[in-house]
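A.B. asks: In our numbering, the protein residues as written are 359 to 691.
Just so it is clear, CB atoms sit at the ideal spot from N, CA and C, and this is done for glycine as well.
The model shown is predicted, which means the values in this text are computed figures rather than measured ones.
Take a look at the following structure, please.
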Amino acid sequence: MIKLGIIGTNWITQQFVDAIKLSRKFELTSVYSRHDETAKKFAIKNGAQETFTDLEQFFAKGQFDTVYIASPNSLHFEQAELAIRHGKNVIVEKPAFSTQKQMTKIQKLLDDNPKVLYFEAARNIHTENFHAIEKKLGQLKTVQGAEFTYSKYSSRYDLVLDGEEPNVFSLKYAGGALQDLGVYTVYDAVALFGMPEETAYFPQLIRTGVDGKGTAILRYPEYNVTLNFSKITNSHMSSEIYGLKDLIEIDDAGEINAVIYIDDDCNKQVIGNTIDENPMLPEADDFARVINDPQKPQNQKDYNYWRQLSVYVNKVIYNLRQDAHISFVGEKK
């Protein structure tokens, strides 16, 4: 049983804790929060044994071997670095890190600590439906690009409209649409098509200085991939991967709840409609599989692929942000 410590007690942390309960491969033992009352409340609710409000003590004395980091984006690097130095496996919520410099430092630290494993929690690429897309994409005779859309109005935007600045819409905490929902679309593109040759980003900035929504274009040798994402509007547009006359239609680039192949004659074939009980369960199972048996050849192959993919996605997101001249508070390039 993998002993898990968590940083962060928000809704996404609860969803991951619910996923590991379904997985039955993890045991939540330790909870860190800046506030003692919050940590204890979360621990009691989820059966954790210990709580901490001091990060150094959490890593030095916590009875866990793997940490799940779901703090504000700007804190991921410092917390992941500390975890690795204490020999803890790291599962960090997307986006893992804000700059390429941070990613490079973490990769170097991982190389220096080969027994420590690192995962970016990009849940969409671990689902059965995403694997169905990969398989069908490999069967297309011609590929002519794609459009991925993921737009969901954030209730936190109501706070922005009221004059506040929540973390997800703050430059101080590395917020914005690209850093949040946009990550899913970048993962879709890079996992399916590889690294683009060029990138461009056209954001719609909001009062706090972050991008509330935007369109990114990734240029490949023979086609473009367009990414549309937003935290200040809703969209019910499907995502599509274009063949010649045929295409793959995806209901949502982030959730990926339904996948349909439409052939040359407009005949539709459902190739993916499995909705997991918890959308984070597939990634929890994948991470556990590698942590429990890291030397198995297939697990090594998958781990190395996910780790490299995380590096590529970080580079694409950073380049897109630089193209749009979006800089976070205190950012060191």
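Run the CB neighbour count on Ala418, radius 10 Å, all protein chains shown included, and call it buried at 16 or more, exposed below.
C.D. replies: Result: exposed.
A.B. asks: Pick helix, strand or coil for Arg443, following the three-state DSSP scheme.
C.D. replies: Helix, per DSSP.
A.B. asks: What does DSSP give as the partner residue(s) for Leu585 in the beta ladder?
C.D. replies: BP columns for Leu585 point to Phe506 and Ala574.
A.B. asks: Grab me the residues of Tyr515's own chain with a C-beta within less than 6 Å of its C-beta, minus the 5 sequence neighbours each way, in chain order.
C.D. replies: Excluding residues within five positions, the ones whose Cβ falls inside 6 Å are Ile590.
A.B. asks: If I follow the unbroken beta strand (DSSP E) through Glu414, where does it start and stop?
C.D. replies: Where Glu414 is concerned, there is no enclosing beta strand (DSSP E), although the alpha helix (DSSP H) it sits in stretches over Leu413 to Lys419.
A.B. asks: Using CA coordinates, which residue listed in Gly363, Val671 and Asn525 is at the minimum distance from Val687?
C.D. replies: If we check each option's Cα against that of Val687, Asn525 comes out closest.
A.B. asks: Straight-line CA distance for Leu519 to Glu641?
C.D. replies: About 35 Å.
A.B. asks: Compute the beta-carbon to beta-carbon distance between Ile442 and Ala479, rounded to the nearest angstrom, for a pair I have assumed lies under 8 Å.
C.D. replies: Actually they do not touch by this definition, with Cβ atoms about 16 Å apart.
A.B. asks: In chain order, what residues of the same chain lie with their CB nearer than 7 Å to the CB of Asp538, ignoring the 5 residues before and after it?
C.D. replies: Hits under 7 Å: Val526 and Lys589.
A.B. asks: Rounded to whole angstroms, what's the CA-CA distance from Thr387 to Phe374? Just pull it up for me.
C.D. replies: Each residue's alpha carbon lies about 14 Å from the other.
A.B. asks: Could you pull the start and end residues of the beta strand (DSSP E) that Thr692 belongs to?
C.D. replies: The question about residue 692 has no answer, for the chain in this structure spans 359 to 691.
A.B. asks: Can you list, in chain order, the residues of its chain with a C-beta nearer than 7 Å to that of Arg392? Leave out the 5 residues immediately preceding and following it.
C.D. replies: Result list for Arg392: Thr411, in chain order.
A.B. asks: Is DSSP giving Lys494 helix, strand or coil here?
C.D. replies: It is helical.
A.B. asks: Please list the terminal residues of the continuous beta strand (DSSP E) segment that includes Phe315.
C.D. replies: The shown model of the chain, from 359 to 691, leaves out residue 315, and the question about it has no answer.
A.B. asks: In the structure shown, what three-state DSSP assignment does Asp538 receive?
C.D. replies: Three-state DSSP puts Asp538 in coil, outside helix and strand.
A.B. asks: Ordered along the chain, which non-local residues of its own chain (more than five positions away) have a Cβ less than 6 Å from that of Thr371?
C.D. replies: Taken in chain order, the residues that qualify are Ile364 and Ala428.
A.B. asks: Using DSSP's beta-bridge definition, name the partner residues of Tyr476.
C.D. replies: Val448.
A.B. asks: With a threshold of 8 Å, are at least 3 pairs of Cβ atoms found where one atom belongs to the stretch 568–576 and the other to the stretch 587–606?
C.D. replies: The stretch 568–576 is in contact with the stretch 587–606.
A.B. asks: Does the Cβ of Ile633 have 16 or more other Cβ atoms within 10 Å, making it buried, or fewer, making it exposed?
C.D. replies: Ile633 comes out exposed.
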